[in-house]
Amino acid sequence: MEVLLIKDVKNVGQAGDVRRVADGYARNYLIPRGLAVPATQAARKQVADRLAAEARREAAEREAAEAQAEKLQGIEIVFQVKAGEAGRLYGSITNNDIAERLAELGYDLDKRRVLLEEPIKEIGRTEVDVRLHSEVKASVTVVVEAAETSD
């Protein structure tokens with residue numbers, strides 16, 4: 031039986047492929063699970079239209095992410111925090127802090143998109159990547175300064 035794959039199926043093919051499979055495999059596994067449909071002309075057109083729509087949506091998302099990456103690239107975020115004599119912070123700067131500061135600047139990002147391996151615990155400059163899309167990243171500079179203390 032010829033089927034049109036709706037989703038990628040291991041050892042069979044990828045979404046949009048037309049494959050000849052055993053009748054029982056198609057009727058009992060692929061079709062009931064929504065992985066494939068019988069390969070009719072109407073089904074081929076419908077799947078082709080859906081794949082084209084997904085490709086357009088993905089391209090639009092990537093384009094929007096690239097535009098946002100251009101705006102974000104090179105932004106410098108300054109944190110003034112209490113620190114000890116050796117430059118160690120009393121606390122740390124986390125990806126959540128960076129995401130909140132970016133939100134204040136008008137960039138609404140989820141904290142999981144800020145790629146900070148470990149919290150910043152020292153005074154200085156740190157380059158932090160922000161993942162805007164699976165293929166698009168922007169680099170933001172985080173500057174940590176000691177807050178002025180009044181004695």
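Its first residue numbered 31, the sequence shown is counted upward by one per residue in the numbering used here.
Using N, Cα and C, we set each Cβ at its ideal position, and we do this for glycine too.
Keep in mind it's a predicted model, so treat the numbers as computed, not measured.
For the candidate residues L139, G117, R63, E100, whose alpha-carbon lies nearest to that of E152?
Checked all of L139, G117, R63, E100; the closest Cα to E152 is G117.
By a C-beta neighbour count over all protein chains shown, 10 Å radius and 16 as the cutoff for buried, is N125 buried or exposed?
By the 10 Å Cβ count, N125 comes out buried.
List the endpoints of the continuous beta strand (DSSP E) containing D159.
From DSSP, the beta strand (DSSP E) with D159 extends over 154-163.
Please name the residue, chosen from Y120, K40, A66, that lies closest to L34 on a Cα-to-Cα basis.
Here the closest residue by C-alpha is A66.
At what residue ranges does the stretch 45-115 contain a whole run of the alpha helix (DSSP H), taking only runs of 4 or more?
Complete alpha helix (DSSP H) runs here, min 4: 71-102.
Taking buried to mean at least 16 other C-beta atoms within 10 Å of its own C-beta, is V108 buried or exposed?
Answer is exposed; the Cβ neighbour count stays below 16.
Which whole-angstrom value describes the C-beta separation of V160 and V144, a residue pair presumed to lie in contact below a C-beta threshold of 8 Å?
With a Cβ gap of about 6 Å, V160 and V144 count as contacting.
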